[in-house]
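Here the structure is laid out as structure tokens; the discussion comes afterwards.
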Amino acid sequence: MLERKQVKDRAQITFVLPADTPPGPVSVVGDFNEWKPGAHVLQPRSDGMRAVTVDLPAKNVHSFRYLAAGDYWFDEDHADSHDGINGLLHT
Numbered sequence: 006m007l008e009r010k011q012v013k014d015r016a017q018i019t020f021v022l023p024a025d026t027p028p029g030p031v032s033v034v035g036d037f038n039e040w041k042p043g044a045h046v047l048q049p050r051s052d053g054m055r056a057v058t059v060d061l062p063a064k065n066v067h068s069f070r071y072l073a074a075g076d077y078w079f080d081e082d083h084a085d086s087h088d089g090i091n092g093l094l095h096t
């Protein structure tokens, strides 16, 4: 799930997943963090979910995916669109 908040010329995107699906650490990786695993690790929230918020420039398109333990890559079903492999965010 994606949560969005516009702040002036920025978009705050919060990437949200269930706390235990998939198990183990999960990070969101994309062109906004040079596809670096571990740069944006989802952290537990009080609502039983886990999340991380990333500030992105407005009026851009960003590619991303999730990376879980065991080199398990997966997509966000609620991305704005997909380019075949990656999810796309339109900020």
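Using the numbering used here, you'd call the opening residue of the sequence shown number 6 and step up by one each time. Note that CB positions come from ideal geometry on N, CA and C, so glycine has one too. Computed from a prediction, not measured in an experiment: that's the story for all the values here.
By the 10 Å Cβ neighbour count, where 16 or more other Cβ atoms means buried, how is residue i classified, buried or exposed?
| i | result |
| --- | --- |
| H83 | exposed |
| F69 | buried |
| V33 | buried |
| Y4 | Residue 4 lies beyond the range of the chain shown here (6 to 96); nothing can be said about it. |
| E39 | exposed |
| G92 | buried |
Under 8 Å Cβ to Cβ from residue i, same chain only, skipping five residues before and after it: list those, please.
| i | result |
| --- | --- |
| V46 | P30, V31, S32 and V57 |
| F37 | V59, L61, H67 and F69 |
| K41 | V34 |
| G75 | G29 |
Nearest to residue i by CA position, among the options, is which residue?
| i | options | result |
| --- | --- | --- |
| D25 | A44, H67, N91 and G53 | G53 |
| P23 | G35, D36, Q11 and L7 | L7 |
| A44 | P28, P27 and A73 | A73 |
| P27 | R9, Q11, W78 and V12 | W78 |
| Q48 | S86, V21, G35 and L94 | V21 |
| D81 | G35, G75 and P42 | Reading off the sequence, residue 81 comes out as Glu, not Asp. The residue with the shortest Cα to Cα distance from E81 is G35. |
Near residue i, what residues of its chain come up, given a Cβ to Cβ distance below 7 Å and the 5 sequence neighbours on each side ignored?
| i | result |
| --- | --- |
| K64 | T96 |
| R50 | A56 |
Identify, in the order they occur along the chain, each residue of the same chain with its Cβ nearer than 6 Å to the Cβ of residue i, setting aside the five sequence neighbours on each side.
| i | result |
| --- | --- |
| D60 | R15 and Q17 |
Can you name the residues that DSSP bridges to residue i?
| i | result |
| --- | --- |
| T26 | Answer is none; T26 lacks a bridge partner. |
| L47 | In the DSSP output, where bridge partners are listed per residue, L47 has none listed. |
My assumption, with CB atoms under 8 Å, is that residue i sits in contact with residue j. Please give the rounded CB distance.
| i | j | result |
| --- | --- | --- |
| D88 | L94 | Going by Cβ atoms, the distance from D88 to L94 rounds to 11 Å, so no, they are not a contact pair. |
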